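Colleague:
Residue numbers (my numbering): 4 to 161.
1) Residue 29 lies in the alpha helix (DSSP H); which residues open and close that run?
2) Would you kindly work out how many angstroms separate the C-alpha atoms of residue 133 and residue 66, rounded to a whole number?
3) Could you check if residue 48 is buried or exposed, using at least 16 other CB atoms within 10 Å of its CB as the buried criterion?
4) Kindly indicate the opening and closing residues of the beta strand (DSSP E) around residue 138.
5) Could you check the C-alpha separation between residue 56 and residue 129 for me, to the nearest Å?
6) Taking the alpha carbon of residue 90 as the point to measure from, which residue in 121, 147, 138 has its own alpha carbon closest?
7) Does the beta-carbon distance from residue 123 to residue 135 come in below 8 Å?
8) For residue 155, which option in 113, 161, 126 has the closest C-alpha, if you only look at C-alpha atoms?
9) Compute the Euclidean distance between the alpha carbons of residue 108 and residue 131, then round it to the nearest angstrom.
10) In this structure, does DSSP put residue 54 in helix, strand or coil?
11) Leaving out the 5 sequence neighbours to the left and right, which residues in its chain are closer than 6 Å to residue 44 when beta-carbon positions are compared?
12) Under the rule that 16 or more other beta-carbon atoms within 10 Å means buried, what is residue 159, buried or exposed?
13) Apart from the five residues just before and just after residue 77, which ones in its own chain have a Cβ nearer than 8 Å to its Cβ?
14) Given this structure, state the Cα-to-Cα distance separating residue 110 from residue 93, to the nearest angstrom.
15) May I have the straight-line CA-CA distance separating residue 120 from residue 61, to the nearest angstrom?
Below you can see the structure in the form of structure tokens.
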């Protein structure tokens, strides 16, 4: 897989909704500490492990299961480094999220048209909302939530 006209073919595959969903299912298992059996992986998941995550490997991994095990041990460390100033939280719908340390119970997760990530807002006593920060929410980052035809609302952020 090479670079053609400034784009990498391996990442073009991630634009396919089915491939993306399969990869996200695999990554959720890794994040949640669920054992992953290489024999049960889909071709898209194997391709992602082989080509999408080379920075995790030492070169001593002799099979795909070794790569899965290495990824499972290294991913939390990489996330911790990039997650400074962030905290884990759970939404009312039991979804896991990673957001600014200022996140509090009662805050609201919103998707804003044209933005790539969800945001956290907080209700103000005198009306409107205060911006808390951006967030990662497992299960809504790649358009999955929009398939549920969510409520669309106009609101003020101060």
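Even for Gly, the Cβ is constructed at its ideal location relative to N, Cα and C. Bear in mind that the values here come from a model prediction, so they are computed numbers and not experimental data.
Modeller: Checking against the coordinates, here is how it stands:
1) For residue 29, the uninterrupted alpha helix (DSSP H) run begins and ends at 20-35, by DSSP.
2) Looking at the two C-alpha atoms, the distance is approximately 49 Å.
3) Result: buried.
4) Counting along the chain, residue 138 sits inside the beta strand (DSSP E) bounded by residues 132-140.
5) It is roughly 47 Å from the alpha-carbon of residue 56 to the alpha-carbon of residue 129.
6) Taking only the C-alpha atoms, the option nearest residue 90 is 138.
7) Between residue 123 and residue 135, the C-beta gap is smaller than 8 Å, which places the two residues in contact.
8) The shortest C-alpha separation from residue 155 is found at 113.
9) One C-alpha to the other measures close to 17 Å.
10) Helix, per DSSP.
11) Closer than 6 Å at Cβ, skipping near neighbours: no residue.
12) The residue is exposed, with fewer than 16 neighbouring Cβ atoms inside 10 Å.
13) So the qualifying residues of the chain are 59.
14) CA-to-CA, the gap between residue 110 and residue 93 works out to about 11 Å.
15) Straight-line Cα distance between these residues: approximately 32 Å.
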